[in-house]
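For reference, the structure discussed in these notes is given below.
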Amino acid sequence: MSMQATAIETLYFDGRCAMCSREIAFLKRHADSEIRFVDIHAGALPDGSDKQAMLEVLHMQGADGGWRMGIDATLLAWSHTPFSWIVSPLKIGWLRPFFETCYAKWAKRRYCRLYMTQAKQK
2 MSMQATAIET LYFDGRCAMC SREIAFLKRH ADSEIRFVDI HAGALPDGSD
52 KQAMLEVLHM QGADGGWRMG IDATLLAWSH TPFSWIVSPL KIGWLRPFFE
102 TCYAKWAKRR YCRLYMTQAK QK
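Under our numbering, the first residue of the sequence shown carries the number 2, and numbering increases by one thereafter.
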């Protein structure tokens with residue numbers, strides 16, 4: 002594997018989520034070359050990964066091989082753009098618990114709306 006390939010960070014996203022897809026489209030237009038985007042439904046997932054867990058919250062594998070999820074994945078993804086200041090409030094220590102709670106509730110609701118409804122229809 003080349004040195005450049007190991008320096009790339011990978012954002013795994015839910016391509017069936019309209020809101021997620023809009024944000025990813027924006028990130029793709031403005032991100033540097035050190036990030037790649039993988040639609041969980043279309044791309045190969047890393048060995049041992051749980052597709053359902055990856056659909057429940059945003060996942061990003063860093064260049065170091067470590068995983069960031071939720072708000073941490075969002076911060077890392079946006080750091081590859083000139084617009085990282087947009088998400089900088091997510092870093093404010095005393096506000097972080099509030100943002101994490103909001104993200105967790107939004108992510109759960111989004112997942113249930115997209116996938117629990119489909120399961121009931123089958």
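Where is the CB? At the ideal position from N, CA and C, for every residue including glycine.
- Considering only Gly-49, Met-55, Thr-82, the residue with the shortest C-alpha distance to Val-39 is Met-55.
- Counting along the chain, Arg-37 sits inside the beta strand (DSSP E) bounded by residues 36-40.
- A direct Cα-Cα distance of roughly 15 Å separates Ile-36 from Asp-73.
- Counted as a single uninterrupted DSSP element, the beta strand (DSSP E) harbouring Arg-69 occupies residues 68-70.
- Note: Phe-14 is bridge-paired with Asp-40 in the DSSP secondary-structure output.
- DSSP places His-31 in the helix class (H, G or I) of the three-state scheme.
- Exclusion of the five residues before and after Ile-41 leaves Tyr-13, Phe-14, Asp-15, Gly-16, Lys-52, Met-55, Leu-56 as the residues of its chain whose Cβ lies within less than 8 Å of its Cβ.
- Closest in alpha carbon position to Lys-29, among Trp-79, Trp-95, Glu-101, is Trp-79.
- Distance between Leu-96 and Val-58, taken at the CA atoms: about 20 Å.
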